[in-house]
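K.L.:
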Amino acid sequence: MKHVWMWLAVLFLFTGCGFKDIDKRYLVMAVGVDKSELKDKPYRVSLKLAIPTAQIRPGQSNTFHLISDDAPTITEAVRHLKSKVDKDLDFSQTKILVFGTKLAEERLDKTTIDWFLRKPEIQGIAFMALGSPTAEQVLGVRPKSERMPADSLMLSFDQEGTESSFIVTAFLFDFHRRLSEKGLDPYMPVIRPLKDTYLIDQVAVFDKEKIKAVLSPEETRIFNELSKKISNFDIETRTEQARFALNVTSFRYSYEFDERNEAEPKLKMNVHIRGLSEESNQSFYNSNWDRYKAEAEKEAAKRYAHVLRKLQSLKVDPIGFGLRYRATHYQRDQDWEKWLSIYPRLDWNIKVNIDLLGSGGIK
Amino acid sequence: MSRYFLYFVTLSILINAILFVPRILIDERYDGAISSMLFGVIIGGALMYLFTSSMFKFRGQGLPEIMRQALPKSIVVPFLLLMGSVSFISGALVLINYAFIVSRYLIPNTPIYVVLILFVLVASFGAMQSSQTVLYSTEMILVLCLPFLLFSIFKAYTNQNMNYDEIRAMIDYSNILPSWKSLSVSTYAVTGYISLSIFNRVFADIPKLKHRWAVPCIGFSILFTAFFVPIGILGTDGVNEFIFTWVSTADAIRMKYAFIERVVYIFLLVYLGISYLFAMTTWHVGSEFIRGCFSHYQPNTSSINSVLPNAISCIVFGIGTVIVGNWLGEDDLFSVSSYWMMIRSPLDICVVFSVYILSRWRQAL
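Top line first, the protein sequences correspond to chains A and B.
For what it's worth, the UniProt record's numbering labels the leading residue of the first sequence as 1, then goes sequentially.
For what it's worth, the UniProt record's numbering labels the leading residue of the second sequence as 1, then goes sequentially.
As C-alpha cells, this is what we get:
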C-alpha cells in the first residue's frame, strides 16, 4: 500500500507537463526570411511544414504546406503564422534556414539571426543559405526525387548524397561565429530555384553586416576548395599546347606571411594537388608529362590568385587569413590593426604543385 | 581502492569545468583566464597532496571524528554544520543549473519545480546510502558515461569546423596574470578531494593513495578542453554570447554517420548522469557532516535508524533546493554561482590547513 501511495504521488507531478502528441504537431522543415514590401512589417517569414504520410515514396511523400506572413519581427510573424495552422509548430527538425537576397543586400547580421540563436529548439548545425530571388520561392520547390520535404536541400548541403564542388555549406553556428570574429568573414551558398529542382552553385560573401558580392560558379568552386579544403573537384587546363582536365584526388595547401619587406607584404601559398587525368585532346603517353604538369600548375595558380585578389578587392576575408595572422603573431590587438593595413596591399605568391598520377583508362 | 578517490575528484572536475568554469573563465578570457587555469591546477594539486596525506594519518576516520577527538564541541558543531551546508549547497547549485538546462533544451513545457523535485528525490535517495554504496555507484555511472563523453570530446577536437587558429589567437593572452576571481574558480575545479574527509572511513584498508599525480593531469586536460574547445568552435568573440557554453558547443558538433546526428543530446544525457552523481556524492558528504554534529559516530548501514539523520538533512536541503531553484531567475543563478565559487576556494584552503595542523598535533602527541 505504501508503494501505491508513493507512485500515485509521483504520478501527480506529471500532470504539469504540457506535452503534445506528435499528431498535434506540425514539423517545420525549413524557415525562410525575406524582406517584405510593407514598410512597417519588414520581415516576410515563410515556413515549410511537413505533412506526414504513411509510406515513404520518392516524389510523393514530400507533401508540404507553405505558409508565409509579414510582420515587424520574426517572433511576431511566427506567432501570427500559428493562427494559420491547426497544429502546434515544432522547430526541432528545422535544418534549413533560407534568407532572401534582398534582405541580405540590405542587412543580414546578428539581429537578423538572433531569433534562430535564441530559440533552443533550432539546431546550431542548421544549414544556412541565400534564396535568389526570394526564400519563399526556394521553399516552394517540390523536387521529384525527394522522400521528405526539404530533404533534397539537406542532402545537397550534407555532401552525403551529391558531392558537388560547387555546393558551399554554411552552418548557423559558423555564420554566427564569423559575424563577430576578427579576420574571418561570413559566407552563404546561394540557392536558385529551377522548375523541379534547385541550382546551388554560387556563394555570397558577406562583410560583418551585409552581402558584398556573389561569386560566379567557377569562383565558387575555388572558394570552396580554399575554405573547406574539399578534394572532389577537377582542374581544367586550356592552353594552346594542351587541353585536358584533371580529377583531383587529394588537395592540401599551406601558407605563410612574408613580411621581410615592410612595404610589400607577401603571402606565400603552397598548394599540393594529386590527380588523374580525366579528359584530354591528345595522348599523354610518349610525350612529356612535365610539360603538361607545368601548364596545369600555371593555370591553377592563376585561378587561385584570381579569386583571392577578388576577395581582397571586396575587402572581405572568408577564408580566414586575418585570423591566421592573429594566430601567428603575438601582439594581441595590435596584430589586428596591423593586418587591416596589410591586407589591402598583400601580394599573393602562389605556387601550385601538381602530382599527375596517371592518365586514366587510356593512353 | 585508490581508484575511487580518482572517481570523485574527476567527477567534480568534470562538473565544474563544464557547468560553471567556462562561464567565468570565458568572461575573463582576455584577462588572464589561461594562466589562471595553470596556477589554479597547481595550487589545487598541492592542496590535494597536503590534504590527502594529512587525512591518511587518521586511518579510517572521517573529519567529524577527527575533530571531535581534538577540539571542544563548541567549535566542532558549528564547523561541521558549515561544512555540511557548503557541501549541500554545491550539490544543489549543480542540480538547479542542470534543471535550467533540462527545462530549456529537453522538456521546455515542464515547469522547473517538477524537474527539480524529481532530481532531488533521486539525489537524496542516493545520498542516504552508505559511503561504500555511493562510491560503487560513482564507478558504475562514470564507466557508463565517460566513453560517450570522451567520444563527443574527440568529435569536438577532430571536427572540421574546429578552428585551431582561434585557439592560437587566444594564446596571445596567456601571459597576463590572473584575477582573484578566475584563479579561485580554477582552483575550485579541482576541489573534489574535500569529499575524502568523509570517504576516508572507507579507505581504511589501503596503506597509501596511489595515482595522486593523475589529479592535476586530469584537472588540467579537462579545464583546457572546457576552455578552448568552445573558443575553437564558437569563435573568440562569439563564444561570449552563449549562456550554457558547452551545451551550445555540443549543439555545433554533428556526427554525420552515427545513429544520432546531434551530439548535444548525447552530451545532455551524459551530463544528466554526471550531475546526478555529483549531487549524490556532495549530498552524501554533507549529510554525513551534519550527522557528525548530533551523535557519536555510528556507521551508516543503510538501516532505517542509522539513515534517519541523513534523510532529515537531505529532505531539508532538498526542499530548500526546490524552493530556491523555483525562485531564482537565470541571471541570479549566474551571479550566485560565481560568488559561490569565490567564497568556496578560501574555505577549502582553510579546511585543508586545519586538517594539516590537526595531523601535526596528532604526531606531536
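The beta-carbon is built from N, C-alpha and C at its ideal position, and this holds for glycine as well.
Under a three-way DSSP split, which group does C17 of chain A fall into?
P.N.:
Note on C17 of chain A: pLDDT 49, under 50, position unreliable in the model; the coordinate value appears next. Coil at C17 of chain A, not helix or strand.
K.L.:
Check distances from the C-beta atoms of the segment 166–185 of chain A to those of chain B and list, in chain order, the residues that come in under 9 Å.
P.N.:
So the list reads F171, L172, F173, D174, H176, R177, R178, L179, S180, E181, K182, G183, L184, given in the order they occur along the chain.
K.L.:
Which same chain residues, not among the five before or five after N97 of chain B, have their C-beta less than 6 Å away from its C-beta?
P.N.:
Excluding residues within five positions, the ones whose Cβ falls inside 6 Å are L19.
K.L.:
Check for me: the beta strand (DSSP E) holding R252 of chain A runs from which residue to which?
P.N.:
Here the beta strand (DSSP E) through R252 of chain A covers 243–258.
K.L.:
Whose CA, out of B:I319, B:V307, B:S287, lies closest to the CA of K62 of chain B?
P.N.:
The sequence given here places Gly at residue 62 of chain B; Lys does not occur at that position. Considering only alpha carbons, the answer is B:S287.
K.L.:
Which residues in chain B sit within 8 Å of I125 of chain A, going by Cβ to Cβ distance?
P.N.:
Residues of chain B passing the Cβ test: D251, A252, I253, R254, E261, R262.
K.L.:
Could you tell me the alpha carbon to alpha carbon distance between I349 of chain B and S197 of chain B, rounded to whole angstroms?
P.N.:
Cα-Cα distance, rounded: 14 Å.
K.L.:
Should R252 of chain A be flagged as near chain B, meaning a C-beta pair shorter than 8 Å?
P.N.:
Judged by the 8 Å Cβ criterion, R252 of chain A is not in contact with chain B.
K.L.:
Verify the CB distance criterion: does G235 of chain B have a CB-CB separation below 8 Å to chain A?
P.N.:
Taking Cβ atoms only, chain A reaches closer than 8 Å to G235 of chain B, which makes this a yes.
K.L.:
Just to check my reading of the structure: K363 of chain A and S283 of chain A have Cβ atoms closer than 8 Å, yes? What is that Cβ distance to the nearest angstrom?
P.N.:
About 5 Å separates the two Cβ atoms, so the contact holds.
K.L.:
Who are the Cβ neighbours of A38 of chain A in its own chain at under 6 Å, not counting the five residues just before and after it?
P.N.:
The residue asked about is misnamed: residue 38 of chain A is Leu in this sequence, not Ala. Contacts found: D70.
K.L.:
Would you call K84 of chain A buried or exposed, if buried means 16 or more other Cβ atoms sit within 10 Å of its Cβ?
P.N.:
Exposed, since its Cβ has fewer than 16 Cβ neighbours within 10 Å.
K.L.:
Quick one: residues in its chain with C-beta nearer than 6 Å to the C-beta of F317 of chain B, no 5 flanking neighbours on either side, listed in chain order?
P.N.:
Once the five neighbours on either side are set aside, the close Cβ partners of F317 of chain B are F88.
K.L.:
Please confirm if N161 of chain B has its CB atom under 8 Å from at least one CB of chain A.
P.N.:
It does; some Cβ of chain A falls within 8 Å.
K.L.:
D158 of chain A touches chain B at which residues, Cβ-Cβ below 9 Å?
P.N.:
The contacting residues are K256.
K.L.:
Please report the residue range of the alpha helix (DSSP H) in which F154 of chain B lies.
P.N.:
Segment 131–158, the alpha helix (DSSP H) holding F154 of chain B.
K.L.:
Could you check whether A135 of chain A and F99 of chain A sit closer than 8 Å to each other, using their CB atoms as the reference points?
P.N.:
Closer than 8 Å, so yes.
K.L.:
Is the shortest distance between the beta-carbon of S152 of chain B and the beta-carbons of chain A less than 8 Å?
P.N.:
Cβ-Cβ to chain A under 8 Å: no for S152 of chain B.
K.L.:
Does A169 of chain B get closer than 8 Å to chain A when you measure Cβ to Cβ?
P.N.:
Closer than 8 Å: yes.
K.L.:
For the putative contact between F171 of chain A and I113 of chain A, defined by C-beta atoms under 8 Å, what is the C-beta separation to the nearest angstrom?
P.N.:
Actually they are not in contact, since the Cβ atoms of F171 of chain A and I113 of chain A sit about 11 Å apart, beyond 8 Å.
K.L.:
Check the C-beta distance from Y198 of chain A over to P318 of chain A and give it rounded, since I have them as a contact under 8 Å.
P.N.:
With a Cβ gap of about 22 Å, Y198 of chain A and P318 of chain A do not count as contacting.
K.L.:
Mind listing which residues of the segment 318–348 of chain B have their C-beta closer than 8 Å to chain A's C-betas, in chain order?
P.N.:
Listed in sequence order: no entries.
K.L.:
Checking contacts by CB at 8 Å: is Y285 of chain A closer than that to chain B?
P.N.:
Closer than 8 Å: no.
K.L.:
Using the C-alpha atoms, what's the distance from L38 of chain B back to K57 of chain B?
P.N.:
Distance between the alpha carbons of K57 of chain B and L38 of chain B: 29 Å.
K.L.:
Given that a residue counts as buried once 16 or more other Cβ atoms are within 10 Å of its Cβ, and exposed if not, what is I132 of chain A?
P.N.:
Per the sequence shown, the amino acid found at residue 132 of chain A is Ser instead of Ile. Its Cβ being crowded by 16 or more others within 10 Å, S132 of chain A is buried.
K.L.:
Under a three-way DSSP split, which group does N310 of chain B fall into?
P.N.:
Reduced to three states, the DSSP call for N310 of chain B is helix.
K.L.:
Give me the DSSP bridge partner(s) of A204 of chain A.
P.N.:
Answer is A:M188, A:V214.
K.L.:
What is the DSSP secondary structure of R44 of chain A, reduced to helix, strand or coil?
P.N.:
Strand, per DSSP.
K.L.:
Taking 8 Å as the CB-CB cut-off, is G16 of chain A touching chain B?
P.N.:
The predicted model places G16 of chain A with a pLDDT of 47, which falls under 50 and marks its position as unreliable; any figure quoted below should be read in that light. G16 of chain A counts as touching chain B.
K.L.:
So, are the CB atoms of V45 of chain A and S68 of chain A less than 8 Å apart?
P.N.:
The answer is yes: Cβ separation under 8 Å.
K.L.:
Check each candidate in A:A305, A:L153, A:G183, A:S227 and name the one with the smallest Cα separation from R192 of chain A.
P.N.:
The shortest C-alpha separation from R192 of chain A is found at A:L153.
K.L.:
Anything in chain B within Cβ reach of G320 of chain A, meaning under 7 Å, just list it in chain order.
P.N.:
Chain B residues near G320 of chain A: D165.
K.L.:
Cβ of A327 of chain A less than 8 Å from any chain B Cβ?
P.N.:
Taking Cβ atoms only, chain B reaches closer than 8 Å to A327 of chain A, which makes this a yes.
K.L.:
Nearest by alpha-carbon distance to R23 of chain B: which of B:V351, B:S345, B:D331, B:I343 is it?
P.N.:
Closest option to R23 of chain B, Cα to Cα, is B:D331.
K.L.:
If you draw a straight line from the C-alpha of W115 of chain A to the C-alpha of V77 of chain B, how long is it?
P.N.:
Roughly 53 Å separates the two Cα atoms.
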